Amino acid sequence: QIDEAEVVAFSVPSYACLRRTTLDNHNPVLTDALSLLAENAELSDEDGRGVAFRRAAAVLKALPEPVTGVTQLRGLPCLGGHSLRVIRDILENGASSEVEFTKQSERFKALKVLTDIFGVGAKTAERWIRDGIHSLHQLQESGQTLNRAQQAGLEHYDDLKQPVTKAEADAIGEIVEEAVVSVLPGAQITLIGGFRRGKLTGHDVDFLITHPEEGREVGLMPKVVSWLESQVKLSGTKQTENTPEDTGHRRWRAVRVDLVVSPISQFAFALLGWTGSKLFERELRRWAGHEKAMSLSSHALYDNKQVNTLHYAVLPKRVFFVIVAGKNP
Ligand code: GTP
Ligand code: MN
Ligand code: MN
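Anchor point for the sequence shown: position 125 equals 1091 in the numbering used here, and the numbering is continuous, going up by one each time.
Set out below in structure tokens:
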């Protein structure tokens, strides 16, 4: 018998963007399970279900301590019947049969392996699976034509699967900064994505590039890419010098890098929009739309009642503050 008085009940705002989110997750078993179901839904073209599982996982991530019983979850937002069933299964039986079944399914395993190739999305993977391709080996043997990104993705598969550390992100930041400043003096680069949120590892490194003079950033991206290609022999993001151990230099490995260029007038919105997480951004836009009647994108914030006027463009600091308050307390 559970003594109701001893049960810790939690309270969490329903919009993810209104929560204080820490990097400490006290419920990793539950959130891993829900994230796996979200991933499976997304890979199966069921985005609605995917978002529902992501929202449920995010609520559990926001809790200040481990959940020990479903009664604690009463009144929490975003926990639908399906998610609650999964949580109950895990709390009561140690595992969710649905999660275990999904993990073992040939279809899910094949979708994971194939979409883990840089440049391969769910649609392509789906098509390959219908052609009987379930593994990297089968893909290589199949004679399927791969585009340049996919070729690089396959070639550097193991490297790209390794999480990127903050130290690696900083090292890459120096290279990218050198490239950017060489082709456009005065340009500025900012680390965005997960590392800006304080994560210690990531699946890639994201940078936002701008120049304090509006318009100077036009045409910058191809120049940066050419500079990188000529200076560090990249295929996408790869440098393959096998320097001898005794020189003390570490071997470079393939790391995925995302570069975004924005004019300074849109910088605040780009910074906010590319810092993530994906769910935080989605919720922030939903909140802006439903609660404030405004439209937020990575380019601008509009008042829906005066769609022709750009709002807050002259108040970038305030927009910046939203993310500092929400994501890095
Ligand atoms: P890890 O890379 O795994 O550490 O996580 P992350 O949060 O950095 O994810 P990711 O690099 O995929 O994305 C970083 C941010 O860029 C997130 O806020 C995404 O919403 C945003 N983002 C990613 N792809 C796109 C895109 O195609 N368009 C726009 N506008 N934003 C994107
Ligand atoms: Mn990232
Ligand atoms: Mn990215």
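Think of the CB as a built atom: it goes at the ideal place given N, C-alpha and C, for glycine as much as any other residue. None of these values were measured; they are calculated from a predicted model.
Which residue from the options puts its Cα closest to that of residue i?
i	options	result
LEU1237	LEU1174, LEU1194, ARG1163	LEU1174
VAL966	ALA1024, ARG1021, VAL1052	Because residue 966 is not part of the residues shown, which for the chain are 967 to 1295, the question remains open.
ASP1011	PRO1030, GLY1087, SER1243	GLY1087
VAL1227	ARG1182, LEU1102, GLU1121	ARG1182
SER1108	ARG1114, ALA1118, ARG1096	ARG1096
VAL1146	ARG1021, VAL995, LEU1186, VAL1033	LEU1186
GLN1104	LEU1120, VAL1065, ALA1137	LEU1120
ARG1248	GLU1134, GLY1152, GLY1016	GLY1016
LYS1132	VAL1221, THR1111, LYS1089	VAL1221
PHE1235	SER1261, ALA1023, HIS1256, ARG1219	SER1261
PRO1030	ILE1056, ASN991, ALA1024, GLU1064	ASN991
VAL1065	VAL1184, LEU1003, SER1196	LEU1003
ARG1009	ALA1091, GLN1272, GLN1128, LEU1166	Checking the sequence, you will find Leu at residue 1009 rather than Arg. Considering only alpha carbons, the answer is ALA1091.
GLU1257	SER1263, SER1264, ASN1270	ASN1270
ARG1219	ALA1118, GLU1180, GLY1255	ALA1118
CB residue i to CB residue j, shorter than 8 Å?
i	j	result
GLN1038	PHE976	yes
THR1156	ILE1230	no
SER1148	TRP1094	no
ASN1006	PHE1074	yes
LEU1246	ALA999	The sequence given here has Phe at residue 1246, not Leu. Taking 8 Å as the Cβ cut-off, PHE1246 and ALA999 do not qualify as a contacting pair.
LEU1042	LEU996	no
ASP1170	ILE1158	no
LEU989	GLY1164	yes
ALA1022	SER1062	no
LEU1102	VAL1079	yes
ALA1115	PHE1084	yes
Taking the alpha-carbon positions, what's the residue i to residue j distance?
i	j	result
LEU984	PHE1019	18 Å
GLU1144	LEU1150	10 Å
GLY1046	TRP1240	29 Å
PHE1067	ALA1028	27 Å
PRO979	VAL1190	42 Å
VAL1223	TRP1253	30 Å
ILE1099	PHE1161	35 Å
ALA1076	CYS1044	30 Å
SER1243	ARG1040	26 Å
ALA1266	ARG1251	11 Å
ARG986	PRO1188	38 Å
GLY1060	SER1001	17 Å
GLU1207	THR1081	Caution is warranted here: a pLDDT of 42 is assigned to GLU1207, below 50, making its placement in the model unreliable, and the coordinate value is therefore given only provisionally. Each residue's alpha carbon lies about 28 Å from the other.
GLN1232	ASP1055	46 Å
GLU1140	ALA1259	41 Å
LEU1126	ALA1153	28 Å
LEU1112	TYR1123	14 Å
PRO1032	GLN1106	44 Å
LEU1225	GLN1110	29 Å
PRO1178	GLU1058	57 Å
GLU1195	LYS1089	30 Å
HIS1215	VAL1142	Unreliable placement is indicated for HIS1215, whose pLDDT of 45 sits below 50; no coordinate value is reported for it.
ILE1138	GLU1072	37 Å
SER1201	ASP1013	Only weak support is given to the placement of SER1201: the predicted model assigns it a pLDDT of 45, under 50, and the value that follows is read from those uncertain coordinates. So the two alpha carbons sit approximately 32 Å from each other.
GLN1197	TYR1268	41 Å
THR1034	GLU1180	54 Å
Could you check whether the Cβ of residue i sits closer than 7 Å to any heavy atom belonging to ligand 4?
i	result
GLY1159	No copy of ligand 4 occurs in the structure displayed; its ligands are ligand 1, ligand 2 and ligand 3 alone.
What are the partner residues of residue i, as DSSP defines its beta bridges?
i	result
THR1111	In DSSP, THR1111 forms no bridge with anything.
GLN1154	THR1176
GLY1168	VAL1130
Could you give the first and the last residue of the continuous alpha helix (DSSP H) run that contains residue i?
i	result
TYR1123	1123–1127
ASP1136	1132–1149
GLU1005	994–1009
ASP1097	Taken as a continuous stretch (DSSP letters only), ASP1097 belongs to no alpha helix (DSSP H), as it is neither H nor E.
THR987	No alpha helix (DSSP H) holds THR987; DSSP gives it neither H nor E.
ASP1013	1013–1027
ASP1055	1047–1059
GLY1239	1233–1241
VAL1065	1063–1070
PHE1161	1159–1162
Could you give the first and the last residue of the continuous beta strand (DSSP E) run that contains residue i?
i	result
LEU1262	1260–1262
LEU1225	1223–1227
Is the CB of residue i under 8 Å away from at least one CB in chain C?
i	result
ALA1018	Protein chains in the displayed structure number just one, and chain C is not present.
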